[in-house]
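Single-structure report; data block below.
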Amino acid sequence: MTLQEQIAYLTKGCVDVVRESQLRAKLERAATSGDRLIVKVGFDPTAPDLHLGHTVLLRKMKHFQDLGHRVIFLIGDFTGLIGDPTGRSKTRPPLTREQIEENAETYKKQVFKLLDPESTEVGFNSGWLRALGSEGWIRLAARYNVAQMLERREFRQRYDAGRPIAIHEFLYPLAQAYDSVHLRADVELGGTDQLFNLNVGRDIMPAWDVEPQVVMTTPLLVGLDGTEKMSKSAANYVGITEPPAEMFGKIMSISDELMWSYHALLTDLSLAEIESLSARVASGAAHPKQVKIDLATRIVTDFHSAAAARTAAEAFERRFGRREVPTDADERLVAVPGDGRRLTAIMVDAGLAQSGAAATRVIAQGGVRIDGERVGDRFRVVAADQPPFILQVGRRALRIRPGSAGATASPDGDPADVPGAENAVSARAVKPGGR
RNA sequence: GGCGAGGUUGCGGAGCGGUCAAACGCAACAGACUGUAAAUCUGUCGCCCAAGCGGCUUCGGAGGUUCGAAUCCUCCCCUCGCCA
16 MTLQEQIAYL TKGCVDVVRE SQLRAKLERA ATSGDRLIVK VGFDPTAPDL
66 HLGHTVLLRK MKHFQDLGHR VIFLIGDFTG LIGDPTGRSK TRPPLTREQI
116 EENAETYKKQ VFKLLDPEST EVGFNSGWLR ALGSEGWIRL AARYNVAQML
166 ERREFRQRYD AGRPIAIHEF LYPLAQAYDS VHLRADVELG GTDQLFNLNV
216 GRDIMPAWDV EPQVVMTTPL LVGLDGTEKM SKSAANYVGI TEPPAEMFGK
266 IMSISDELMW SYHALLTDLS LAEIESLSAR VASGAAHPKQ VKIDLATRIV
316 TDFHSAAAAR TAAEAFERRF GRREVPTDAD ERLVAVPGDG RRLTAIMVDA
366 GLAQSGAAAT RVIAQGGVRI DGERVGDRFR VVAADQPPFI LQVGRRALRI
416 RPGSAGATAS PDGDPADVPG AENAVSARAV KPGGR
């Protein structure tokens, strides 16, 4: 790759690159001396559950690895150990050493789906930040001033509005900046919301006679709904540990417009390739659906395998293209007593309906099928000895295996299912049981 | 600390003693159309059932007034403005 190609590859999709000329210089120097650039990316030590939004950044890290550079996956455990009361509403309790270790392991498991474990170094910043001591911290703090801090829009707004800014909030960017000093980072990557923090690193590095890092930010990925940024709480995300079929289906559900930014941020296609694709769709030479299928296939391949992606694509086509009954649905064992069980109850059990009333409604609306046949009877009963069947509710489908009541049946509400649980927890605080 | 406004079913937001499970919009879900895209149209959108002018639990929390309360009273909790 020529230098120019390298720069194009590395900056593809980035929102900010401060500065490209310096990146060029560093790359040039690395090429001649044979040194590798040190690329630093910081992560929260809180429990990670990564989705495609996070992978935009991971992918950028991978690009640097592809070109042979050293990527440091830095876990910001220092602040995690202290606990951060910034979130005005809820105070974040300090994490224990064990929790942080555990989270780090979870991170690795997910992150290495994209990154090369061989050339990824995982680090923790508590070591050197602790070692700074009070004196060191004061010296560090002396390197920055309030006016500079207020350049950060969020601080500026709060300051102007007369809302409080705790002093320690000024300390976090400094801590992050000092990480760069310590690691002698050549490049620091982050989301666009990190721009300020990354630049603080740039600013203070010369005070330690370290060449300023190049700062590069990646955009926030828009979620499946096409409006909000992808996030777990907005329920518009694709988790990177989701099964292939699920992942494929979710990607197919995005709008045509959105798929271009997904191409740019979630694949390694070059901008030129994406543009030509887009042009072919615009001219009618390519069908947008096919382009989207290719996109979904690429993404599923990244997190699973080419074979899994192919299977998912075929199943998708059979099911939605030709409207066949899905054969690859996940199987769910549902307790059915000897005298049978109402279909509505089974739907709730399997997580295909929120309540019996909701299940009844979907049936009334013609949204429920058993082995492809529409169910019209809301009192339908499933017998205990019935062989497994495919239950479709709207766009979702599961293979239901009726099981003997003894083993799995629980007398009242059955928390057997995981899917509903997360909603239930967030929904309301624990109430003492009524009556 | 003082004064003012307010907390309603996922969100926004009506309701201000019975006809309120609570208007309307958004989101969501199902159906039609389709490419599980978009747009559009139709329907649904607290829970339970034997499904009905049916039962039950909801309108920040706890009490109270009343035949009857989301609506009135008391206390408490929380949020948001303005002033100090």
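Note that our numbering gives residue 70 to position 55 of the first sequence, counting from 1, and the numbers run on in steps of one. Ideal Cβ positions, reconstructed from N, Cα and C, are used throughout, including at glycine. Owing to the predicted nature of the structure, the values given are computational and were not obtained by experimental measurement.
Would the stretch 223–240 and the stretch 298–314 be scored as touching if the rule is three or more Cβ pairs under 8 Å?
The stretch 223–240, when compared against the stretch 298–314, does not touch it at the 8 Å Cβ threshold.
Expressed to the nearest angstrom, what Euclidean distance is found between the alpha-carbon atoms of Asp31 and Gln209?
Between Asp31 and Gln209, the C-alpha separation is close to 11 Å.
What residue range is occupied by the uninterrupted beta strand (DSSP E) comprising Arg410?
Looking at the DSSP string, Arg410 is not in any beta strand (DSSP E), and its letter there is neither H nor E.
So, helix, strand or coil for Arg74, using DSSP?
Note: Arg74 maps to helix in three-state DSSP.
So what's Ala398 in DSSP terms, helix, strand or just coil?
Three-state result, Ala398: coil.
Along the chain, where does the alpha helix (DSSP H) containing Ile289 start, and where does it finish?
That run of the alpha helix (DSSP H) goes 286–298.
Output needed for Arg295: all residues of its chain with C-beta closer than 7 Å, excluding positions within five of it in sequence on either side, in chain order.
If we look at Arg295 and ignore the five residues flanking it on each side, its Cβ neighbours are Ala301.
Looking at the ligand ZN, does it come within less than 7 Å of Leu67, judged from the CB to the closest heavy atom?
This structure lacks the ligand ZN; in fact it carries no ligand of any kind.
Work out the CA separation of Gln125 and Ile115 for me, nearest whole Å.
Computed Cα separation, rounded: 15 Å.
Do three or more CB pairs link the stretch 396–409 to the stretch 321–330 at distances below 8 Å?
With the cut-off at 8 Å, the stretch 396–409 and the stretch 321–330 do not touch.
What number of angstroms, rounded off, separates the C-alpha of Gly138 from the C-alpha of Leu65?
Taking the straight line joining both Cα atoms gives about 19 Å.
For Val86, which option in Ser195, Ala40, Leu144 has the closest C-alpha, if you only look at C-alpha atoms?
Closest by alpha carbon: Ser195.
I need the DSSP call for Asp92, collapsed to helix, strand or coil.
Asp92 falls in the helix class under three-state DSSP.
Which value, in whole angstroms, describes the spacing of the CA atoms of Gly83 and Met76?
Using only the alpha carbons, I get a separation of about 11 Å.
Counting along the chain, where does the alpha helix (DSSP H) carrying Gly83 start and finish?
Taken as a continuous stretch (DSSP letters only), Gly83 belongs to no alpha helix (DSSP H), as it is neither H nor E.
Roughly how many angstroms lie between the CA atoms of Asp131 and Leu73, to the nearest whole one?
Straight-line Cα distance between these residues: approximately 11 Å.
Can you tell me whether Ala330 is helix, strand or coil according to DSSP?
Correct three-state label for Ala330: helix.
Once DSSP output is grouped into helix, strand and coil, what is the label at Arg357?
In the structure shown, Arg357 sits in a strand (DSSP, three-state: E or B).
By DSSP, does Gly231 sit in helix, in strand, or in coil?
Residue 231 is actually Met in this sequence, not Gly. Correct three-state label for Met231: strand.
Return yes when the Cβ of Leu89 is within less than 8 Å of the Cβ of Asn140, no when it is not.
Yes; because the gap between Cβ atoms is below 8 Å, this pair is in contact.
Which residues does DSSP pair with Phe404 in a beta bridge?
Ile415, per the DSSP bridge assignment.
Within the continuous beta strand (DSSP E) that includes Lys128, where are the two ends?
Counting along the chain, Lys128 falls outside any beta strand (DSSP E), and DSSP gives it neither H nor E.
Starting from Ala350, follow the beta strand (DSSP E) in both directions and report where the run begins and ends.
Taken as a continuous stretch (DSSP letters only), the beta strand (DSSP E) holding Ala350 covers 346–351.
Straight-line CA distance for Glu339 to Glu388?
Distance between the alpha carbons of Glu339 and Glu388 is about 11 Å.
Tell me Glu388's beta-bridge partners as DSSP assigns them.
DSSP, once it has assigned bridges, lists Ile385 as partnering Glu388.
Tell me whether the stretch 384–399 and the stretch 351–370 touch, counting them as touching only if at least three CB pairs, one residue from each stretch, are closer than 8 Å.
The stretch 384–399 is in contact with the stretch 351–370.
So, for Arg199: in the same chain, excluding its five sequence neighbours on each side, which residues have a beta-carbon less than 7 Å away from its beta-carbon?
Hits under 7 Å: Ile53, Val225.
Expressed to the nearest angstrom, what Euclidean distance is found between the alpha-carbon atoms of Glu346 and Met220?
Straight-line Cα distance between these residues: approximately 56 Å.
Give a yes or no on contact between the stretch 347–356 and the stretch 377–393, applying the rule of three or more CB pairs nearer than 8 Å.
Touching, no.
Report yes if the CB atom of Tyr193 is closer than 8 Å to the CB atom of Leu67, and no otherwise.
Their beta carbons are not under 8 Å apart, which means Tyr193 does not touch Leu67 by this criterion.
Taking C-beta to C-beta, are Gly91 and Pro63 nearer than 8 Å?
Cβ atoms of Gly91 and Pro63: not closer than 8 Å.
Along the beta strand (DSSP E) that carries Val56, what are the first and last residues, could you check?
53–58 is the span of the beta strand (DSSP E), which, as asked, contains Val56.
Counting beta carbon pairs with one atom in the stretch 254–263 and one in the stretch 311–325, are three or more of them shorter than 8 Å?
With the cut-off at 8 Å, the stretch 311–325 and the stretch 254–263 touch.
Terminal residues of the continuous alpha helix (DSSP H) containing Gly264?
Gly264 -> alpha helix (DSSP H) spans 259–267.
Run the CB neighbour count on Glu6, radius 10 Å, all protein chains shown included, and call it buried at 16 or more, exposed below.
In the structure displayed, the chain extends from 16 to 450; residue 6 sits before or after that span and is not available.
Measure the beta-carbon distance from Leu348 to Val408 and round it to whole angstroms, keeping in mind my assumption that it falls under 8 Å.
With a Cβ gap of about 17 Å, Leu348 and Val408 do not count as contacting.
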